[in-house]
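Worksheet: one structure, shown below.
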Amino acid sequence: MPLTKIEKVLSKGLDELKEKGIIKGKETVITGIKQAQESKGPRYFIEGYGNKEFLMMNSNSYLGMGLRKEVIEAEEKAAKEFGAGPGAVRFISGTYESHVELEKRLAKFHNREAGMIFSSAYAAIMGTLPPLISKDTIVISDQLNHNCIINAARLSRPKDKRIYSHNNTNELESNLKECIGVCRRVIIVTDGIFSMRGDYAPLPEIADLAEKYDPEFEEGILTIVDDSHGVGAIGETGRGTTEFTHENRIDILVATMGKALGVNGGYLVSTAKVVDYLRETSPFYIYTNPITVSEARATLKALEILDSDKGKGMLKHLREMTAYFRKGLIDLGYEVVKGEHPIVPLMIRDTKKTVKLVKYLKDNGILSTGIYYPVVPRGDEEIRFQICAEHTKSDIDYALKVLKDYKETRL
Ligand SMILES: Cc1ncc(COP(=O)(O)O)c(C=O)c1O
803 MPLTKIEKVL
813 SKGLDELKEK
823 GIIKGKETVI
833 TGIKQAQESK
843 GPRYFIEGYG
853 NKEFLMMNSN
863 SYLGMGLRKE
873 VIEAEEKAAK
883 EFGAGPGAVR
893 FISGTYESHV
903 ELEKRLAKFH
913 NREAGMIFSS
923 AYAAIMGTLP
933 PLISKDTIVI
943 SDQLNHNCII
953 NAARLSRPKD
963 KRIYSHNNTN
973 ELESNLKECI
983 GVCRRVIIVT
993 DGIFSMRGDY
1003 APLPEIADLA
1013 EKYDPEFEEG
1023 ILTIVDDSHG
1033 VGAIGETGRG
1043 TTEFTHENRI
1053 DILVATMGKA
1063 LGVNGGYLVS
1073 TAKVVDYLRE
1083 TSPFYIYTNP
1093 ITVSEARATL
1103 KALEILDSDK
1113 GKGMLKHLRE
1123 MTAYFRKGLI
1133 DLGYEVVKGE
1143 HPIVPLMIRD
1153 TKKTVKLVKY
1163 LKDNGILSTG
1173 IYYPVVPRGD
1183 EEIRFQICAE
1193 HTKSDIDYAL
1203 KVLKDYKETR
1213 L
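This is the structure:
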C-alpha cells in the first residue's frame, strides 16, 4: 500500500522539529577506533573524514572500560561458549548463570539485598515505575529528570504528578505536605547526576524529607534514584552519587551498564521483596530479552576491574584529568560550571557561538557536544565536554591548546 498520506503527515512533523530547532539530523558515524598509544588516548575515525583522527570528548564511557582488553576478552569468550544472543525472555529459557551472578554482584557492589537487570537503564526505569505506581500514588519528580522518568510516569497514570524546580528541596517539601490526606503512596524520583550539567541531586535532604513525611502516608514514601551518569564516574570507589553524598537510604537505585561500565544494559538494586515483586510484574523485564551472556560477563569483568587497584587508579586519573581540564578552562578565562563530575560544561550562552566553537573543535580533531535551546533555556547554551579515564594529560593539554587558540584568534 502506498504510504503517501502518512508520509505527508510525517514530513510535516519533521518540518516542525526543524522549525523548533530540535531536529537531531545526521549522526556522526564512527568507522574505526585506534587504541591508546603512549601518551595518546584512543582516537576515533568518523565517516566522511578519511584518516583524520579524533579525540572523543563526548562519550559517556567515563572509565574507557569498553575498550579494555580484559573486558573485550570476557565478552568474546562468553559469546563463543553461549552464543550471540539469549534466545528467549528470562522466564521462558533466557536466564543464564551469568545473569544471576551479575545481579548478585550488582547488589553486593551497592550493598543491597538484591539486584535485577534489564536491557537498558531506560527499560529499567520504564519497568520499575509503572508496577510501583498505583491509582493512589502521587509521583514527585525533579524538573530536569531524564526522559525515561518522564515517560515512565506518563505510562503509569498515577493519581497525580508533581514537578519541583531543579534540586529545590523546599518545593519538594511543599509538594509532600500537599499530598498528605490525598494519596496512600508517594514516589519521589530523581536523577542522581543530571546529564546536562553534571550536577547532582541533594540525596541526603531528599532522604530526610522522605523519612520525615513517610508516617503521613498509609503505604509510605519510596525514593527512586536513576544514577546512570553517577555509577563508575563519581564517588571514592565509583559507587556513584549515593557514595559521593554519603547517602544510603535511597530505596531503589537504578543505573546503566552502558556508560562508565562500558558495556550495555541497565539494572536496579533494592530489597529482596521489591525485586521479587518487580520480577513478577515488570513488563520490561518479563516480555523482552535480557542482555546477552557476553554483556553480562563483560560487565562482571568491568566491576571486577573497578574494585581492583587498577580501578582505583582509573578513578583517580579520571578525577585528576577532570580537575586539570576544568582548571585549564578557568585559567583561559572560560566560564565553567563548578563540580567534580567528568561532565564539564563550558558555558557559551549563545547558540551561534556554541555552533561555531563545536565546529572549530571538530575541525581540530576534537568531538564535543553543543547543547542549545530548547534542551536548555536560552542563554544557557553550552558545550558539554566529558572526560574519560583513557584521556592522557597530553590529550587534555591538546584540547586546552585548541581552546586557547580559539580564544585568542576567534573571539
Ligand atoms: C539518567 C539516565 N537514565 C537513563 C539513561 C539511558 O541509559 P541506557 O542507555 O542504559 O538506556 C540515561 C542516558 O542518557 C540517563 O542519563
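If you want the numbering used here, it's the 1-based position in the sequence shown plus 802. We put the CB at the ideal spot given by N, CA and C, even for glycine. Here the structure is a predicted model, which means the values were calculated and not measured.
For this session: Go through its chain and collect everything with a Cβ distance to Tyr1136's Cβ below 6 Å, but skip five positions before and after it.
Result: Leu1148
Exercise. Listed in chain order, which residues are found with a beta carbon closer than 6 Å to a heavy atom of ligand 1?
Worked result: Ser922, Ala923, Tyr924, His948, Cys950, Asp993, Ser997, Asp1028, Ser1030, His1031, Thr1058, Gly1060, Gly1068
For this session: Decide if Leu978 is buried, meaning its Cβ has at least 16 other Cβ atoms within 10 Å, or exposed.
Result: buried
For this session: Could you check how far apart the C-beta atoms of Tyr1015 and Thr1047 are, in whole angstroms? I think they sit under 8 Å.
Result: That pair is no contact at about 20 Å.
Problem set entry | Candidates Gly1068, Lys828, Ile1054, Arg959: closest to His901 by CA position | Gly1068
For this session: Report yes if the C-beta distance between Gly1167 and Lys854 is below 8 Å; otherwise report no.
Result: yes
Exercise. Taking just the CA atoms, how far does Lys1118 sit from Val1157?
Worked result: 32 Å
For this session: For the segment 834 to 921, list the beta strand (DSSP E) runs that are entirely contained and at least 3 residues long, ordered along the chain.
Result: 845 to 848, 916 to 920
Problem set entry | Same chain, Cβ closer than 6 Å to Ile942, neighbours up to 5 away in sequence not counted | Arg964, Asn977, Ile990
Exercise. Leaving out the 5 sequence neighbours to the left and right, which residues in its chain are closer than 6 Å to Glu877 when beta-carbon positions are compared?
Worked result: Ser1096, Ala1100
For this session: Give every residue of the same chain whose Cβ lies closer than 6 Å to the Cβ of Arg1051, excluding the five residues on either side of it in the sequence, and list them in chain order.
Result: Ala1009
Problem set entry | Beta-carbon proximity of Pro1092 to Tyr864, cut-off 8 Å | no
For this session: In angstroms with no decimal places, state the Cα-to-Cα distance between Leu1159 and Ile824.
Result: 19 Å
Exercise. Taking the alpha-carbon positions, what's the Glu1049 to Thr1211 distance?
Worked result: 46 Å
For this session: Measure how close the beta-carbons of Ile927 and Val1056 come, nearest whole angstrom, since I'm counting them as under 8 Å.
Result: 6 Å
Exercise. Enumerated in chain order, which unbroken segments of the alpha helix (DSSP H) with a length of 4 residues or greater are wholly contained in the segment 989 to 1076?
Worked result: 1005 to 1015, 1043 to 1046
Exercise. For Ile1149, which beta-bridge partners are listed by DSSP?
Worked result: In the sequence as displayed, the identity of residue 1149 is Met instead of Ile. DSSP, once it has assigned bridges, lists Glu1137, Glu1184 as partnering Met1149.
Exercise. On the premise that Asp1152 lies in contact with Glu1183, defined as a C-beta separation below 8 Å, what is that separation, rounded to the nearest angstrom?
Worked result: 6 Å
Exercise. Considering Lys814, what are the terminal residues of the beta strand (DSSP E) in which it resides?
Worked result: No beta strand (DSSP E) contains Lys814, which is instead part of the alpha helix (DSSP H) from 806 to 822.
Exercise. From Ala955 to Val1033, what distance separates their C-alpha atoms?
Worked result: 23 Å
For this session: Could you check the C-alpha separation between Glu1082 and Arg892 for me, to the nearest Å?
Result: 11 Å
For this session: Say whether the segment 835 to 843 touches the segment 1191 to 1198, bearing in mind that this needs 3 or more beta-carbon pairs closer than 8 Å, one atom from each stretch.
Result: yes
Exercise. For Met803, does the count of other Cβ atoms within 10 angstroms reach 16, so buried, or fall short, so exposed?
Worked result: exposed
Problem set entry | First and last residue of the uninterrupted alpha helix (DSSP H) at Tyr1087 | 1085 to 1088
Exercise. Looking only at its own chain, which residues have a Cβ that is under 8 Å from the Cβ of Leu1131, when we skip the five neighbours before and after it?
Worked result: Val1138, Val1146, Leu1148, Leu1202, Leu1205
For this session: Please name the residue in Ala1098, Thr1025, Lys1103, Cys1190 whose C-alpha comes closest to that of Tyr898.
Result: Ala1098
Problem set entry | Neighbourhood of His800 by C-beta, 6 Å cutoff - its chain only, sequence neighbours within 5 removed | Because the chain in this structure spans residues 803 to 1213, residue 800 falls outside the shown range and cannot be described.
Exercise. Taking the alpha-carbon positions, what's the His948 to Lys937 distance?
Worked result: 23 Å
For this session: Mark Arg959 as exposed unless 16 or more other C-beta atoms lie within 10 angstroms of its C-beta, in which case mark it buried.
Result: exposed
Exercise. Since Asp1169 sits in a beta bridge, which residues does DSSP pair it with?
Worked result: Asp is not the amino acid found at residue 1169; the sequence shown has Leu there. Note: Leu1169 sits in a beta bridge opposite Met858.
Problem set entry | Exposed unless 16 or more other CB atoms sit within 10 angstroms - verdict on Lys1061 | buried
Exercise. Are the beta-carbon atoms of Ala909 and Gly896 separated by less than 8 Å?
Worked result: no
Exercise. Can you name the start and end residues of the beta strand (DSSP E) that Thr939 belongs to?
Worked result: 939 to 944
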